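*Asks:* First, the structure itself, so that you have it in front of you.
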Amino acid sequence: DKPKQGMWMNDIFIDVSSSGSVAAYRLPPNTGGDAVGLWNNNYNTSLRLVEVNEQYIYLLDLDSERIIVVDTRLGTSLQSKPLLWPGKNVEMTNNNFIVQSANKLFVVPR
Numbered sequence: 001d002k003p004k005q006g007m008w009m010n011d012i013f014i015d016v017s018s019s020g021s022v023a024a025y026r027l028p029p030n031t032g033g034d035a036v037g038l039w040n041n042n043y044n045t046s047l048r049l050v051e052v053n054e055q056y057i058y059l060l061d062l063d064s065e066r067i068i069v070v071d072t073r074l075g076t077s078l079q080s081k082p083l084l085w086p087g088k089n090v091e092m093t094n095n096n097f098i099v100q101s102a103n104k105l106f107v108v109p110r
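For the sequence shown, the numbering used here begins at 1 and goes up steadily by one.
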């Protein structure tokens with residue numbers, strides 16, 4: 001699977017495929033060793049990576065227009081927040097989702 005989107009957080013790389021697969025890999029620092037797979041989930045939907053921090057991964061489910069929150073270390077899906085309108089652009093600012101749709105701009109609390 002070719003990675004489409006990814007982000008480093010400390011020594012963990014989060015790989016998000018647009019086809020719905022999300023995986024986390026740990027690269028031990030200063031060892032020169034191979035990456036170790038921590039977990040892998042397939043959501044079977046089109047995804048876009050919104051944000052990653054030490055605790056959570058925020059994904060935009062493009063098919064059902066919802067935000068999925070995943071535990072960074074365990075890969076467990078914690079919650080899902082539906083969007084009011086289809087989002088063209090989603091960003092995180094000040095712990096809120098800023099969603100731009102075709103003709104609306106709205107904020108969804110984290």
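We treat Cβ as the ideally placed atom computed from N, Cα and C, and that holds for glycine.
Computed from a prediction, not measured in an experiment: that's the story for all the values here.
1) Using the Cα positions of Leu87 and Val16, report the straight-line distance between them to the nearest angstrom.
2) Quick check on this structure: which residue in Asn41, Leu60, Ser46, Tyr56 has the alpha carbon closest to the alpha carbon of Asn10?
3) DSSP on Ala24, reduced to helix/strand/coil?
4) May I have the straight-line CA-CA distance separating Arg26 from Asn103, to the nearest angstrom?
5) The beta strand (DSSP E) with Asn89 in it runs from where to where?
6) Alpha carbon to alpha carbon, how far is Val101 from Val52?
7) Under the three-state reduction of DSSP, which class applies to Arg66: helix, strand or coil?
8) Once DSSP output is grouped into helix, strand and coil, what is the label at Arg48?
9) Can you check whether the CB of Val70 is closer than 8 Å to the CB of Ser64?
10) Which of the three DSSP states, helix, strand or coil, is assigned to Asp71?
*Replies:* The short version:
1) Along the sequence shown, one-based indexing puts residue 87 at 87. Along the sequence shown, one-based indexing puts residue 16 at 16. The question names Leu, but residue 87 in the sequence shown is Gly. Between Gly87 and Val16, the C-alpha separation is close to 18 Å.
2) The residue given as residue 10 occupies position 10 in the sequence shown. Asn10 has its Cα closest to that of Tyr56, out of Asn41, Leu60, Ser46, Tyr56.
3) Looking up residue 24 in the sequence shown gives position 24. Strand at Ala24.
4) Here residue 26 refers to the residue found at position 26 when the sequence shown is read from its first residue. Here residue 103 refers to the residue found at position 103 when the sequence shown is read from its first residue. C-alpha separation (whole angstroms): 41 Å.
5) Your numbering for residue 89 matches position 89 in the sequence shown. Per DSSP, Asn89 belongs to the beta strand (DSSP E) from 89–93.
6) Position 101 of the sequence shown, counted from the start, is the residue given in the question as residue 101. Position 52 of the sequence shown, counted from the start, is the residue given in the question as residue 52. Reading off the sequence shown, one finds Ser at residue 101, where the question assumed Val. Spanning the two alpha carbons is a distance of roughly 22 Å.
7) What you label residue 66 is simply residue 66 of the sequence shown in a count that begins at 1. Looking at Arg66 - three-state DSSP - the assignment turns out to be strand.
8) To locate residue 48, count along the sequence shown from 1; it is residue 48. Arg48: strand per DSSP, three-state reduction.
9) By 1-based counting over the sequence shown, the position of residue 64 is 64. By 1-based counting over the sequence shown, the position of residue 70 is 70. The answer is no: Cβ separation not under 8 Å.
10) Within the sequence shown, the letter at position 71 stands for residue 71. Here Asp71 sits in strand by DSSP.
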